[in-house]
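To keep things clear, I will list the structure first and then write my remarks on it.
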Amino acid sequence: MTYRNFIDLWQLDASQLRAILDSAHAMKRARSGWSKGKTDADAPLAGRTLAMIFEKSSTRTRFSFDMAMRQLGGTTINATSADMQLGRGETIEDTARVLSRYVDAAMIRANDHGDVEAFAEAASIPVINGLTDRSHPCQIMADLMTLEEHGVALDGARLAWIGDGNNVCASFMHVAPKFGFTLAVGTPARYAPEDEDVEIARNLQGRIELYDSAEEAVANADVVIADTFVSMGDADAEARLAELDPFAVTQDLMGLAKPGAKFLHCLPAHRGEEVDAEVIDGPQSVVFDEAENRLHAQKAILRWCFGK
Ligand code: CP
Ligand code: NVA
Numbered sequence: 082m083t084y085r086n087f088i089d090l091w092q093l094d095a096s097q098l099r100a101i102l103d104s105a106h107a108m109k110r111a112r113s114g115w116s117k118g119k120t121d122a123d124a125p126l127a128g129r130t131l132a133m134i135f136e137k138s139s140t141r142t143r144f145s146f147d148m149a150m151r152q153l154g155g156t157t158i159n160a161t162s163a164d165m166q167l168g169r170g171e172t173i174e175d176t177a178r179v180l181s182r183y184v185d186a187a188m189i190r191a192n193d194h195g196d197v198e199a200f201a202e203a204a205s206i207p208v209i210n211g212l213t214d215r216s217h218p219c220q221i222m223a224d225l226m227t228l229e230e231h232g233v234a235l236d237g238a239r240l241a242w243i244g245d246g247n248n249v250c251a252s253f254m255h256v257a258p259k260f261g262f263t264l265a266v267g268t269p270a271r272y273a274p275e276d277e278d279v280e281i282a283r284n285l286q287g288r289i290e291l292y293d294s295a296e297e298a299v300a301n302a303d304v305v306i307a308d309t310f311v312s313m314g315d316a317d318a319e320a321r322l323a324e325l326d327p328f329a330v331t332q333d334l335m336g337l338a339k340p341g342a343k344f345l346h347c348l349p350a351h352r353g354e355e356v357d358a359e360v361i362d363g364p365q366s367v368v369f370d371e372a373e374n375r376l377h378a379q380k381a382i383l384r385w386c387f388g389k
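Its first residue numbered 82, the sequence shown is counted upward by one per residue in the numbering used here.
Shown next as structure tokens:
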């Protein structure tokens, strides 16, 4: 079977990423008003099964991938690593070889990015990164789709990432050069993005600006993006909350961005920590469209992985 993995956004061509977004927009439009469980007219993944493996918690990724496969005409099998022998020391490579004999594709949410790469290397089916400590590519496809729906032209736009320079921030950096937007990152020095991810983007001529002030990063932005200050697997919650507090997205901070700037957050959110309720629940926030678009974007990602 010819197939493609979806591990990190810098690995795809700009034209491939554009095609995935176009397909996501078209599929969303085509089923407007339909009941959510109804299969798409062409059922492109009929007869296909996706294994979903979770080493960490998930609401959006779990439910949106499951519904994505149903709408595409396929099915899923869902397990946490604790349910599997993986949780008792079976190797990631043996798990990949075995699952490749049963299912048609795998989506993995892993603690260690290297495990997704090792799984993909050993597997003979498409593998999708459903979030690791280093990146969250599916999320960013939904985010970009949402911005386009809300009238943001990505080429030449200015996006401001405020808070922890984490996995979600890394995927925004990876894709900045592909769509031509500038990413201005405002973090405390200790929580700046990994050099490797900045280099990946800059080597592709991505415009990445790094600041140690939220105010400087957000100035004149078309979009302001926040994420939790304490990601899954982070040990130092108290220190993080204290040091990241000046990077909370408040209405005053939003006032430094362009008038009408959009607010994105991948969720789950912590009102009163990384974002004030008046921002995330206010008129500039598009976070629930963003969450919905996980479904539509992932349908397009799944089709691309299968060459459909
Ligand atoms: N944004 C996101 O990936 O949410 P979940 O952790 O609920 O899947
Ligand atoms: N940065 C967050 C994203 C959750 C979807 C985490 O890794 O926990």
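The beta-carbon is built from N, C-alpha and C at its ideal position, and this holds for glycine as well.
Just so we're clear, the structure is a prediction, and the values are computed from it rather than from any experiment.
For the alpha helix (DSSP H) holding Gly195, just list the boundary residues, first then last. Translated into the one-based positions of the sequence shown, residue 195 becomes position 114. Segment His194 to Ala203, the alpha helix (DSSP H) holding Gly195.
Top-ranked residue by Cα proximity to Ile289, from Ala295, Glu280, Glu296 and Glu297: Position 208 of the sequence shown, counted from the first residue, corresponds to residue 289. Nearest C-alpha to Ile289: Glu280.
Would you mind working out which of Phe146, Leu376 and Gly154 sits nearest Gly128, comparing C-alpha positions? Sequence index remark: in the sequence shown, residue 128 carries index 47 (1-based). Of the candidates Phe146, Leu376 and Gly154, the one whose C-alpha sits nearest the C-alpha of Gly128 is Gly154.
Do Asp103 and His255 count as a contact pair if the criterion is CB distance below 7 Å? Taking the sequence shown and counting its residues from 1, one reaches residue 255 at position 174. Taking the sequence shown and counting its residues from 1, one reaches residue 103 at position 22. Contact flag unset, no.
Distance check for Leu212 and Trp196, CA to CA, integer angstroms please. The sequence position of residue 196 within the sequence shown is 115, counting from 1. The sequence position of residue 212 within the sequence shown is 131, counting from 1. As written in the sequence, residue 196 is Asp, which differs from the Trp given in the question. Each residue's alpha carbon lies about 11 Å from the other.
Report all residues from its chain with a CB closer than 6 Å to the CB of Phe260; omit the five preceding and five following residues, and keep chain order. Position 179 of the sequence shown, counting from 1, holds the residue named residue 260. These residues qualify, in order along the chain: Leu235.
Nearest CA to the CA of Lys231: which residue from Gly287, Leu345 and His217? Locating residue 231 in the sequence shown gives position 150, counting from the first residue. The amino acid at residue 231 is misidentified as Lys; the sequence shows His. Out of Gly287, Leu345 and His217, Leu345 has the C-alpha closest to the C-alpha of His231.
Under a Cβ-count criterion, where at least 16 other Cβ atoms within 10 Å of its own Cβ denotes burial, should Asn301 be classed as buried or exposed? As a working note, residue 301 is residue 220 in the sequence shown. Answer is exposed; the Cβ neighbour count stays below 16.
Tell me which same chain residues have a C-beta within less than 8 Å of the C-beta of Ala111, skipping the five on either side of it? Counting from one through the sequence shown, the residue named residue 111 turns up at place 30. Around Ala111: Asp121 and Ala122.
If contacts are defined as beta-carbon pairs under 8 Å, then Val304 and Ala241 qualify, I think. What distance do you get, rounded to the angstrom? Taking the first residue of the sequence shown as 1, we reach residue 304 at position 223. Taking the first residue of the sequence shown as 1, we reach residue 241 at position 160. Yes, they are in contact, since the Cβ atoms of Val304 and Ala241 sit about 7 Å apart, within 8 Å.
Buried or exposed: where does Pro274 fall if 16 or more other Cβ atoms within 10 Å of its Cβ makes it buried? Translated into the one-based positions of the sequence shown, residue 274 becomes position 193. Buried, because 16 or more other Cβ atoms sit within 10 Å of the Cβ of Pro274.
Best match in Leu264, Arg99, Asp94 and Ala124 for proximity to Ile306 [C-alpha to C-alpha]: To locate residue 306, count along the sequence shown from 1; it is residue 225. Closest by alpha carbon: Leu264.
Please report how far the alpha carbon of Thr161 lies from the alpha carbon of Ala191, in whole angstroms. To locate residue 161, count along the sequence shown from 1; it is residue 80. To locate residue 191, count along the sequence shown from 1; it is residue 110. In a straight line, the C-alpha of Thr161 is about 10 Å away from that of Ala191.
Could you please give me the residues that DSSP links to Tyr292 through a beta bridge? As a working mapping, residue 292 is identified with position 211 in the sequence shown. In the DSSP output, where bridge partners are listed per residue, Tyr292 has Gly267.
Restricting to runs no shorter than 4 residues, where is the alpha helix (DSSP H) found entirely within the segment 330-372? 332-335 and 358-361
DSSP on Val184, reduced to helix/strand/coil? Your numbering for residue 184 matches position 103 in the sequence shown. Residue state, collapsed to three classes: coil.
Buried versus exposed call for Lys117 [16 or more other C-beta atoms within 10 Å across all chains shown]: Walking along the sequence shown from the start, residue 117 turns up at place 36. Exposed: under 16 other Cβ atoms inside 10 Å.
Taking buried to mean at least 16 other C-beta atoms within 10 Å of its own C-beta, is Arg384 buried or exposed? Here residue 384 is taken as the residue at index 303 of the sequence shown, counted from 1. Buried is the call here.
State the DSSP-derived secondary structure class of Asn248, mapped to helix, strand or coil. The residue labelled residue 248 in the question sits at position 167 within the sequence shown. In the structure shown, Asn248 sits in a helix (DSSP, three-state: H, G or I).
Identify, in the order they occur along the chain, each residue of the same chain with its Cβ nearer than 6 Å to the Cβ of Phe387, setting aside the five sequence neighbours on each side. As a first step, residue 387 must be located in the sequence shown, where it is residue number 306. Answer for Phe387: no residue qualifies.
At which residue ranges does the segment 111-178 contain complete alpha helix (DSSP H) runs of 4 or more residues, listed in the order of the chain? 141-152
Are at least three pairs of beta-carbons, each pair with one atom in the segment 201-212 and one in the segment 177-186, less than 8 Å apart? yes
From Pro327 to Gly267, what does the alpha carbon distance come to, in whole angstroms? For this step, residue 327 is matched to residue 246 along the sequence shown. For this step, residue 267 is matched to residue 186 along the sequence shown. Each residue's Cα considered, the two are about 11 Å apart.
Asn159 versus Asp193: straight-line alpha-carbon distance, rounded: Walking along the sequence shown from the start, residue 159 turns up at place 78. Walking along the sequence shown from the start, residue 193 turns up at place 112. Straight-line Cα distance between these residues: approximately 19 Å.
Considering only the beta carbon of each residue, do Thr130 and Val184 sit closer than 7 Å? The count along the sequence shown starts at 1 and reaches residue 130 at position 49. The count along the sequence shown starts at 1 and reaches residue 184 at position 103. For Thr130 and Val184, yes; Cβs fall inside 7 Å.
Once you ignore the five residues that flank Ala342 on each side, which residues in its own chain have a CB closer than 8 Å to its CB? Translated into the one-based positions of the sequence shown, residue 342 becomes position 261. Once the five neighbours on either side are set aside, the close Cβ partners of Ala342 are Ala302, Asp303, Val304, Val305, Met335 and Gln365.
Mapping the DSSP letters down to three states, classify Phe253 as helix, strand or coil. Taking the first residue of the sequence shown as position 1, residue 253 is located at position 172. Three-state DSSP puts Phe253 in a helix.
Do Ala318 and Glu355 come within 7 Å of each other at the CB atom, strictly closer than that value? For this step, residue 355 is matched to residue 274 along the sequence shown. For this step, residue 318 is matched to residue 237 along the sequence shown. No, the pair does not count as a contact, with Cβ atoms beyond the cut-off.
Of the choices Asp293, Ser294 and Pro258, whose alpha-carbon is the least far from that of Arg283? Stepping through the sequence shown from its first residue, residue 283 is reached at position 202. When only C-alpha atoms are compared, the closest one is Pro258.
Quick one: what's got a C-beta closer than 8 Å to Glu324's C-beta in the same chain, skipping five residues either side? As a first step, residue 324 must be located in the sequence shown, where it is residue number 243. Around Glu324: Pro269, Arg271 and Tyr272.
Would you identify the three-state DSSP class for Arg283, choosing helix, strand or coil? Start at 1 with the first residue of the sequence shown, and residue 283 comes out as number 202. Note: Arg283 maps to helix in three-state DSSP.
Could you compute how far the alpha carbon of Ser216 sits from the alpha carbon of Ala316? Counting from 1 along the sequence shown, the entry for residue 216 is found at position 135. Counting from 1 along the sequence shown, the entry for residue 316 is found at position 235. Taking the straight line from one Cα to the other gives about 18 Å.
Helix, strand or coil for Ala318 per DSSP? Position 237 of the sequence shown holds residue 318. Ala318 falls in the helix class under three-state DSSP.
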